[in-house]
Amino acid sequence: MDTIRLKRFVSEKSLFTLTAALMLLMPFAEIITDIIARYTRDIVPSMFQPVILSLFGVLGTIMVVLLKISERKWYFADICYLVLVVFMTLSAVFSVNPGLYSNGDVIVGETPYHFLAYYSLFIFGSRIVSDGYRKKLVMIFILIAAVHSVIAFFQTFNIEIAYCILLRHDRAAYGLTQNSNYYGGISVFFTALTSGCYLFVEKLYKSKIWRFVLPVFSGFLFYTMMGSRARLAWIGFAAMILFYLVSGLVMLKGNIEKDVLKRFFIRFAILIAVFAAVFAITHITTNFVSEEVERTQWEIEGKVDNGLGSDRLLNWEYGLESFKKHWVTGIGLDNYSEVFFENPKYVEGTYFQAKAHNEYLHIMCTQGIFAIAAYLFILFRTLVIAVKRVYKGGNETSQALTWVFLAMFVTYAAQASLNSSVINVAMYFWIVFGLLNQCGRPIEISRKSQIK
Numbered sequence: 081m082d083t084i085r086l087k088r089f090v091s092e093k094s095l096f097t098l099t100a101a102l103m104l105l106m107p108f109a110e111i112i113t114d115i116i117a118r119y120t121r122d123i124v125p126s127m128f129q130p131v132i133l134s135l136f137g138v139l140g141t142i143m144v145v146l147l148k149i150s151e152r153k154w155y156f157a158d159i160c161y162l163v164l165v166v167f168m169t170l171s172a173v174f175s176v177n178p179g180l181y182s183n184g185d186v187i188v189g190e191t192p193y194h195f196l197a198y199y200s201l202f203i204f205g206s207r208i209v210s211d212g213y214r215k216k217l218v219m220i221f222i223l224i225a226a227v228h229s230v231i232a233f234f235q236t237f238n239i240e241i242a243y244c245i246l247l248r249h250d251r252a253a254y255g256l257t258q259n260s261n262y263y264g265g266i267s268v269f270f271t272a273l274t275s276g277c278y279l280f281v282e283k284l285y286k287s288k289i290w291r292f293v294l295p296v297f298s299g300f301l302f303y304t305m306m307g308s309r310a311r312l313a314w315i316g317f318a319a320m321i322l323f324y325l326v327s328g329l330v331m332l333k334g335n336i337e338k339d340v341l342k343r344f345f346i347r348f349a350i351l352i353a354v355f356a357a358v359f360a361i362t363h364i365t366t367n368f369v370s371e372e373v374e375r376t377q378w379e380i381e382g383k384v385d386n387g388l389g390s391d392r393l394l395n396w397e398y399g400l401e402s403f404k405k406h407w408v409t410g411i412g413l414d415n416y417s418e419v420f421f422e423n424p425k426y427v428e429g430t431y432f433q434a435k436a437h438n439e440y441l442h443i444m445c446t447q448g449i450f451a452i453a454a455y456l457f458i459l460f461r462t463l464v465i466a467v468k469r470v471y472k473g474g475n476e477t478s479q480a481l482t483w484v485f486l487a488m489f490v491t492y493a494a495q496a497s498l499n500s501s502v503i504n505v506a507m508y509f510w511i512v513f514g515l516l517n518q519c520g521r522p523i524e525i526s527r528k529s530q531i532k
């Protein structure tokens, strides 16, 4: 394949098409799977999502290799990719139980193929730089949010396509994730998306109908978020509100036109009013809020067996004890359950978890100190660079898109402190992660630059 054909094969359009195809395939394949699962026990919900993402991991890796051959340049995102792949590989190779992920649970387990898919999406997102393609990705995100939330809405009335095979309380929403906690994470992630699109609506959409649709849709998503009964979602929601509030306050000190600032704060106030109204109605008509407040109070008072945070403190205690022995490469890629099994005080048949219920602690314990340090550095640098890109000015559409992606990024990062990484949620975060690391000036590594 000559250079011109190769560049066309791995062009921005190709990478966008593959990313969009995966984004749409995962939820719609799940809907079909759920429908079939109603009529046969040979097919269970979420049975095919791990397979789809694994195949994408292989295809994505091939595309990344071809992309680098065609570019012959190195960007910061590429260095991040290599670092992440190296630590993932070391963790998998030196695992105390090689080949086992999430204690063998194929639905929530993250294999090396899935990590390769994440990292490929990160690279793809970094190469999707045109506003046209990025706006199309936003529309796809909104479509996926609509599909998830409509299904989640009916679940709050115990109306399901099939059944939940992981975790779900009575009338709790889980969307297409098979776990109400996971849906809580993705629903607040989508709420940050639609809220941001509303705040910057005139920079993203010409049609005025979006000015009415977006705040209503944000309120709808907020209802399903509360319907998930996931307390961790409130952490993400608080981070989202704080992010947009601080963004507005910072813009006051910038060279922003008064009319633009006025519209921003009016829309922000409208969003707060919508969320407050939905909260009040939900609190009056359901026990979604009161039940979680009561459960938290019982945990604080020690009246329940599972402890504060549904045994998260116990979970983290085991992880930290294990980390002392496996701090270099971790106990094994997505192999957190081993932190319980190797502990002398663990009794067979008692409580254990396959996930840390804190993504950062999970990475630290399963991949080691250097992996978490690298990951946190990339997260922090992404935040700093994205903020700088916004304040450099320029294209208003590009600025608005960066704000929206940044809000989604911050929201996910906040709820991740109490949640777990799973394939049908994390993949969307890695796309946004890549979009915030769009390639600019390549890293100079030539002999000539070294001489200079």
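Here the sequence shown stands for residues 81 to 532, numbered as in the working numbering. All C-beta atoms in this analysis are idealised placements derived from N, C-alpha and C, irrespective of residue type, glycine included. Remember, predicted model here, so these are calculated numbers, not experimental data.
When you compare the CB positions of Trp483 and Val464, do they come within less than 8 Å of one another, or not? Taking the sequence shown and counting its residues from 1, the one referred to as residue 483 is at position 403. Taking the sequence shown and counting its residues from 1, the one referred to as residue 464 is at position 384. No. Outside cutoff.
Once DSSP output is grouped into helix, strand and coil, what is the label at Glu92? Residue 92 sits at position 12 when you count from the first residue of the sequence shown. The answer is helix: DSSP assigns Glu92 an H, G or I state.
For a test of the three-state rule: what should DSSP assign to Trp290, helix, strand or coil? Within the sequence shown, residue 290 is the residue found at index 210, counting from 1. Of the three classes helix, strand and coil, the one that applies to Trp290 here is helix, per DSSP.
For Tyr263, count neighbouring Cβ atoms within 10 angstroms of its own Cβ and tell me buried if that reaches 16, exposed if not. Position 183 of the sequence shown, counted from the first residue, corresponds to residue 263. Under this definition Tyr263 is a buried residue.
Give the straight-line distance between the Cα atoms of Ile340 and Phe368, rounded to the nearest whole angstrom. In the sequence shown, counting from the first residue as 1, residue 340 sits at position 260. In the sequence shown, counting from the first residue as 1, residue 368 sits at position 288. Correcting the residue type first, residue 340 is Val in the shown sequence and not Ile. Cα to Cα, the separation comes out at about 37 Å.
Between Ala272 and Met488, which are expected to be in contact by the criterion C-beta below 8 Å, what is the C-beta distance as a whole number of angstroms? For the purposes of this step, residue 272 is identified with residue 192 of the sequence shown, where counting begins at 1. For the purposes of this step, residue 488 is identified with residue 408 of the sequence shown, where counting begins at 1. Their Cβ separation, rounded to whole angstroms, is 5 Å, which keeps Ala272 and Met488 in contact under 8 Å.
Cβ pair Ile315, Ser200 closer than 8 Å: As a first step, residue 315 must be located in the sequence shown, where it is residue number 235. As a first step, residue 200 must be located in the sequence shown, where it is residue number 120. The answer is no: Cβ separation not under 8 Å.
Cα-Cα separation between Gln258 and Ala109, rounded to whole angstroms: One-based indexing of the sequence shown puts residue 258 at position 178. One-based indexing of the sequence shown puts residue 109 at position 29. Computed Cα separation, rounded: 14 Å.
Figure out for me which residue from Leu146, Ala100, Thr99, Tyr440 has the closest Cα to the Cα of Asp82. For this step, residue 82 is matched to residue 2 along the sequence shown. Taking only the C-alpha atoms, the option nearest Asp82 is Leu146.
State buried or exposed for Lys528, treating a residue as buried only when at least 16 other CB atoms are found within 10 Å of its CB. The count along the sequence shown starts at 1 and reaches residue 528 at position 448. Only weak support exists for where Lys528 lies, its pLDDT of 45 falling under 50; the value from the coordinates is given anyway. Lys528 is exposed by the Cβ-count criterion.
Give the C-beta separation of Val427 and Tyr398 to the nearest angstrom, bearing in mind that I take them to be a contact with Cβ-Cβ under 8 Å. Here residue 427 corresponds to residue number 347 of the sequence shown, with the count starting at 1. Here residue 398 corresponds to residue number 318 of the sequence shown, with the count starting at 1. No, Val427 and Tyr398 are not in contact; Cβ-Cβ is about 12 Å, not under 8 Å.
So Ile241 packs on Asp122, CB below 8 Å; how close in whole Å? Against the sequence shown, residue 241 aligns to sequence position 161. Against the sequence shown, residue 122 aligns to sequence position 42. Contact flag wrong, Cβ pair sits at about 17 Å.
Taking only three categories from DSSP, how would you classify Leu246? Looking up residue 246 in the sequence shown gives position 166. DSSP places Leu246 in coil when its eight states are reduced to three.
For Asn238, is the classification buried or exposed, using 16 other Cβ atoms within 10 angstroms of its Cβ as the cut-off for buried? Counting from one through the sequence shown, the residue named residue 238 turns up at place 158. The residue is exposed, with fewer than 16 neighbouring Cβ atoms inside 10 Å.
Give the DSSP bridge partners of Asn259, in chain order. Against the sequence shown, residue 259 aligns to sequence position 179. Asn259 pairs with Leu247.
Under 8 Å, do Arg309 and His363 count as touching if we go by C-beta distance? As a first step, residue 309 must be located in the sequence shown, where it is residue number 229. As a first step, residue 363 must be located in the sequence shown, where it is residue number 283. No. Outside cutoff.
How far does the alpha helix (DSSP H) with Asn504 in it extend, from its first residue to its last? Your numbering for residue 504 matches position 424 in the sequence shown. Counting along the chain, the alpha helix (DSSP H) containing Asn504 begins and ends at 503-515.
Pairing CB atoms from the segment 366-380 with CB atoms from the segment 404-422, are three or more of them under 8 Å? no
One question on the structure: do Leu516 and Phe485 come within less than 8 Å of each other, judged by their Cβ atoms? Along the sequence shown, one-based indexing puts residue 516 at 436. Along the sequence shown, one-based indexing puts residue 485 at 405. In contact: Leu516 and Phe485 (Cβ atoms closer than 8 Å).
Would you kindly check if the distance between the Cβ of Ser206 and the Cβ of Thr448 is under 8 Å? On the sequence shown, position 368 is the one that residue 448 refers to. On the sequence shown, position 126 is the one that residue 206 refers to. Looking at the sequence shown, residue 448 is not Thr but Gly. Cβ distance not < 8 Å, so Gly448 and Ser206 don't count as in contact.
Just the Cα atoms here: how many angstroms apart are Gly520 and Tyr155? For this step, residue 520 is matched to residue 440 along the sequence shown. For this step, residue 155 is matched to residue 75 along the sequence shown. The alpha-carbon atoms of Gly520 and Tyr155 are separated by roughly 8 Å.
I'd like to check one pair, Ile289 with Ala100: are the Cβ atoms closer than 8 Å? Along the sequence shown, read from residue 1 onward, the residue named residue 100 stands at position 20. Along the sequence shown, read from residue 1 onward, the residue named residue 289 stands at position 209. Result no, Cβ atoms of Ala100 and Ile289 do not sit closer than 8 Å.
Nearest-angstrom Cβ-Cβ length linking Thr25 and Met320, presumed shorter than 8 Å: Outside the displayed range of the chain (81 to 532) lies residue 25, so it cannot be described from this structure.
Alpha carbon to alpha carbon, how far is Val502 from Lys338? Numbered from 1 along the sequence shown, position 422 holds the residue referred to as residue 502. Numbered from 1 along the sequence shown, position 258 holds the residue referred to as residue 338. Rounded to whole angstroms, Val502 to Lys338 spans 43 Å at the Cα level.
Any idea if Arg85 is buried or exposed, counting beta-carbon neighbours within 10 angstroms, 16 or more meaning buried? Position 5 of the sequence shown, counted from the first residue, corresponds to residue 85. Burial call: exposed.
Assign Thr97 to one of two classes, buried (16 or more other C-beta atoms within 10 Å of its C-beta) or exposed (fewer than that). Within the sequence shown, numbered from 1, the residue matching residue 97 stands at position 17. Exposed, by the Cβ-count rule.
Tell me the residue span of the alpha helix (DSSP H) that contains His363. As a working note, residue 363 is residue 283 in the sequence shown. Its alpha helix (DSSP H) spans residues 338-365.
For Leu98, name the three-state secondary structure that DSSP assigns. Numbered from its first residue, the sequence shown carries residue 98 at position 18. In the structure shown, Leu98 sits in a helix (DSSP, three-state: H, G or I).
Using only alpha-carbon positions, find the residue among Cys277, Tyr324, Tyr278, Gly307 that is nearest to Ile361. For this step, residue 361 is matched to residue 281 along the sequence shown. Measuring from the Cα of Ile361, the nearest candidate turns out to be Gly307.
Can you tell me which of the three DSSP states Trp154 falls into? On the sequence shown, position 74 is the one that residue 154 refers to. Strand.
Look up Ala434 in the DSSP assignment and say whether it is helix, strand or coil. Sequence index remark: in the sequence shown, residue 434 carries index 354 (1-based). Coil at Ala434, not helix or strand.
Considering only their Cβ atoms, is the gap separating Phe270 from Leu301 smaller than 8 Å? Looking up residue 301 in the sequence shown gives position 221. Looking up residue 270 in the sequence shown gives position 190. Contact: yes.
Provide the residue span of the alpha helix (DSSP H) that contains Gln447, from first to last. Translated into positions along the sequence shown, residue 447 becomes position 367. Run containing Gln447: 439-447, per the alpha helix (DSSP H) assignment.
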